[in-house]
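**Student:**
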Amino acid sequence: MIGFIENQESADQNRCGKKKKNHYGTEIRADFRENVIPLPHNETDQRTIKRHPQRLQESQFAGFHDLIIHHASTVDFCLPIINTKGVRQKGLAPIVIVLILVVLLGVAGYFAYAKGYLNSIFPKPTQVPIPSALPLVTPLGSSSPIPTPSDPNVRTYTSEGLGISFNYKYKYSDGTTVNVKEIGNKVYVYRSTMKPDSGQYAEVFQKDPKDDLNTAITKTVLSGYSVSDCLVKTISGNTSGNNFVPPSSYSFANITIPNMGSVDPSEATGALDKCPKYVAFMGIAYFVMDQNHPSKFAFFSIGQYSLDAEVNQTWQDTIKFID
């Protein structure tokens, strides 16, 4: 804030160390190191200055260099007075705006440079995503877990005594229902309109853990039968004819009659009588074991129709051996 001196005499009295109240009533002290500001003695000009001190033209400050202002409770500072003789005040506005913009751009550039410099010294640490759960590692040759049924009409049956578990569809869209019943070492899966022993079933056998599936079948099922009449053969796991892929730890086999393809169906009865009821003939019948549970194996009697579990999956496809 600049105080305006009303006349020459006042100017002489307000050199360094002299105090005087400005137009706004604030006490100031002005020191003009070279000359006293020449103020007009014209009465009209003096009235104008008194009423409108802001109208004082900067041209009246020409030739002066330093103005020291002492404001109440502030530190002395020196403001340069630029010789603006002949330049109108409104002509300075663009220059002032340009100077302000230059200063702002300089400050912004400095902070941008400082930030980039600091980032180059102290780079932001890279966050490594932490998995919510460790991936499940399946051991080589292990059985895959039975998937949780997604269809509300699919149930899971578990036999702790026999050590097996499987899924089955207990209700179809046409209202047909399926029951499960365990009798001895067999688990029957059958339509509710049928008797248990007329349906499909799984039969569980115990075996020597050291024996493979073919050896276990020969010892357990074919005991007393001639191997020339009843042949044990390893088969693939695609027993149900769909695209289901069983766990790699599972082994499959069945019992067939040698040269069965050349035997007339009407004469097959005599050949079948020489073998146990586990022969695969005119329908699906096979044995399965899990190498991770080598003390047991199971036989499936399915026949010529299927009972579902999930979509494109039969109940026997979901067999799981448990301890």
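Taking the working numbering, the leading residue of the sequence shown gets 29, the next gets one more, and so forth. Idealized CB from N, CA, C, for every residue including glycine.
Taking the continuous alpha helix (DSSP H) assigned at residue 242, which residues delimit it?
**Tutor:** Taking the first residue of the sequence shown as position 1, residue 242 is located at position 214. Boundaries of the alpha helix (DSSP H) around residue 242: 241–248.
**Student:** Expressed to the nearest angstrom, what Euclidean distance is found between the alpha-carbon atoms of residue 235 and residue 333?
**Tutor:** Counting from 1 along the sequence shown, the entry for residue 235 is found at position 207. Counting from 1 along the sequence shown, the entry for residue 333 is found at position 305. Residue 235 and residue 333: Cα-Cα distance of roughly 29 angstroms.
**Student:** Assign residue 324 to one of two classes, buried (16 or more other C-beta atoms within 10 Å of its C-beta) or exposed (fewer than that).
**Tutor:** Within the sequence shown, residue 324 is the residue found at index 296, counting from 1. Classification for residue 324: buried.
**Student:** Assuming residue 216 and residue 196 make a contact with CB atoms under 8 angstroms, what is their CB distance in whole Å?
**Tutor:** Reading the sequence shown from its first residue, position 188 is the one you call residue 216. Reading the sequence shown from its first residue, position 168 is the one you call residue 196. Actually they are not in contact, since the Cβ atoms of residue 216 and residue 196 sit about 11 angstroms apart, beyond 8 angstroms.
**Student:** State the Cα-Cα distance for the pair residue 251 and residue 304, rounded to the nearest angstrom.
**Tutor:** Locating residue 251 in the sequence shown gives position 223, counting from the first residue. Locating residue 304 in the sequence shown gives position 276, counting from the first residue. So the alpha carbons of these two residues sit roughly 10 angstroms apart.
**Student:** Have a look at 287, 227, 341 and flag the residue whose alpha-carbon is nearest the alpha-carbon of residue 211.
**Tutor:** Against the sequence shown, residue 211 aligns to sequence position 183. With distances taken between Cα atoms, residue 211 lies closest to 227.
**Student:** Output needed for residue 207: all residues of its chain with C-beta closer than 7 angstroms, excluding positions within five of it in sequence on either side, in chain order.
**Tutor:** Residue mapping note: residue 207 aligns to position 179 of the sequence shown, counting from 1. The beta carbon of residue 207 is closer than 7 angstroms to those of 218, 220 in its chain, skipping five residues each way along the sequence.
**Student:** In whole angstroms, what is the alpha-carbon distance linking residue 268 and residue 331?
**Tutor:** Here residue 268 is taken as the residue at index 240 of the sequence shown, counted from 1. Here residue 331 is taken as the residue at index 303 of the sequence shown, counted from 1. One C-alpha to the other measures close to 10 angstroms.
**Student:** Does residue 284 come out as helix, strand or coil in the three-state DSSP assignment?
**Tutor:** One-based indexing of the sequence shown puts residue 284 at position 256. The answer is strand: DSSP assigns residue 284 an E or B state.
**Student:** How many angstroms separate the CA atom of residue 273 from the CA atom of residue 318?
**Tutor:** In the sequence shown, the residue the question calls residue 273 occupies position 245. In the sequence shown, the residue the question calls residue 318 occupies position 290. Going from the Cα of residue 273 to the Cα of residue 318 covers about 14 angstroms.
**Student:** Using only alpha-carbon positions, find the residue among 349, 301, 180, 214 that is nearest to residue 201.
**Tutor:** What you label residue 201 is simply residue 173 of the sequence shown in a count that begins at 1. It is 180.
**Student:** Beta carbon of residue 13, beta carbon of residue 314: below 8 angstroms?
**Tutor:** There is no way to answer for residue 13, as the model of the chain reaches only from 29 to 351.
**Student:** Going straight from the alpha carbon of residue 123 to that of residue 134, what length do you get?
**Tutor:** Position 95 of the sequence shown holds residue 123. Position 106 of the sequence shown holds residue 134. Approximately 16 angstroms, taken between the alpha carbons.
**Student:** With H, G and I counted as helix, E and B as strand and the rest as coil, what does DSSP make of residue 296?
**Tutor:** Against the sequence shown, residue 296 aligns to sequence position 268. Residue 296 falls in the helix class under three-state DSSP.
**Student:** Check for me: the beta strand (DSSP E) holding residue 232 runs from which residue to which?
**Tutor:** As a first step, residue 232 is located in the sequence shown; it is residue number 204 there, counting from the start. First-last of the beta strand (DSSP E) with residue 232: 228–234.
**Student:** My understanding is that residue 232 touches residue 263, with C-beta atoms under 8 angstroms, so please give their C-beta distance in whole angstroms.
**Tutor:** Here residue 232 corresponds to residue number 204 of the sequence shown, with the count starting at 1. Here residue 263 corresponds to residue number 235 of the sequence shown, with the count starting at 1. With a Cβ gap of about 19 angstroms, residue 232 and residue 263 do not count as contacting.
**Student:** Can you list, in chain order, the residues of its chain with a C-beta nearer than 6 angstroms to that of residue 339? Leave out the 5 residues immediately preceding and following it.
**Tutor:** Residue numbering aside, residue 339 sits at position 311 when the sequence shown is read from its first letter. Here the set comprises nothing.
**Student:** Pull up the distance between the alpha-carbon of residue 257 and that of residue 310, whole angstroms please.
**Tutor:** Counting from one through the sequence shown, the residue named residue 257 turns up at place 229. Counting from one through the sequence shown, the residue named residue 310 turns up at place 282. Rounded to whole angstroms, the gap between the alpha carbons of residue 257 and residue 310 is 17 angstroms.
**Student:** Report the residue from 350, 322, 183, 277 whose alpha carbon sits nearest the alpha carbon of residue 342.
**Tutor:** As a working mapping, residue 342 is identified with position 314 in the sequence shown. Answer by Cα proximity: 183.
**Student:** Going by beta carbon distance, what residues of the same chain come within less than 8 angstroms of residue 345, once the five residues before and after it are set aside?
**Tutor:** Stepping through the sequence shown from its first residue, residue 345 is reached at position 317. 268, 270, 272, 274, 337, listed in sequence order.
**Student:** What did DSSP end up calling residue 252 once you bin it into helix, strand or coil?
**Tutor:** Within the sequence shown, numbered from 1, the residue matching residue 252 stands at position 224. For residue 252, the three-state secondary structure derived from DSSP is coil.
**Student:** Would you grab the beta carbon distance between residue 308 and residue 284 for me? Rounded to a whole angstrom, and I think it's under 8 angstroms.
**Tutor:** Your numbering for residue 308 matches position 280 in the sequence shown. Your numbering for residue 284 matches position 256 in the sequence shown. In this structure residue 308 is in contact with residue 284, their Cβ atoms being roughly 6 angstroms apart against a cut-off of 8 angstroms.
**Student:** Buried or exposed for residue 136, please, with buried defined as at least 16 other CB atoms from any protein chain shown within 10 angstroms of its CB.
**Tutor:** Residue mapping note: residue 136 aligns to position 108 of the sequence shown, counting from 1. That one is exposed.
**Student:** Please report the distance separating the alpha-carbon of residue 185 from that of residue 194.
**Tutor:** Here residue 185 refers to the residue found at position 157 of the sequence shown. Here residue 194 refers to the residue found at position 166 of the sequence shown. Rounded to whole angstroms, residue 185 to residue 194 spans 6 angstroms at the Cα level.
**Student:** Which ranges would you report for the alpha helix (DSSP H) in the segment 296–344 if only whole runs of at least 4 residues count?
**Tutor:** 296–300
**Student:** Looking at the structure shown, is residue 190 part of a helix, part of a strand, or coil, going by DSSP?
**Tutor:** Within the sequence shown, numbered from 1, the residue matching residue 190 stands at position 162. If DSSP states are grouped into helix, strand and coil, residue 190 belongs with coil.
**Student:** With DSSP as the reference, label residue 128 as helix, strand or coil.
**Tutor:** On the sequence shown, position 100 is the one that residue 128 refers to. In the structure shown, residue 128 sits in a helix (DSSP, three-state: H, G or I).
**Student:** Which residues in the same chain as residue 326 place their Cβ atom closer than 6 angstroms to its Cβ, once the five residues preceding and following it in sequence are excluded?
**Tutor:** Here residue 326 refers to the residue found at position 298 when the sequence shown is read from its first residue. Around residue 326: 230, 232, 316.
**Student:** What first and last residue would you give for the beta strand (DSSP E) that runs through residue 206?
**Tutor:** Reading the sequence shown from its first residue, position 178 is the one you call residue 206. Unbroken beta strand (DSSP E) run through residue 206: 206–211.
**Student:** Got a sec, what are the start and stop residues for the beta strand (DSSP E) residue 259 sits in?
**Tutor:** Here residue 259 refers to the residue found at position 231 of the sequence shown. That run of the beta strand (DSSP E) goes 259–263.
**Student:** Does DSSP classify residue 290 as helix, strand or coil?
**Tutor:** By 1-based counting over the sequence shown, the position of residue 290 is 262. Here residue 290 sits in helix by DSSP.
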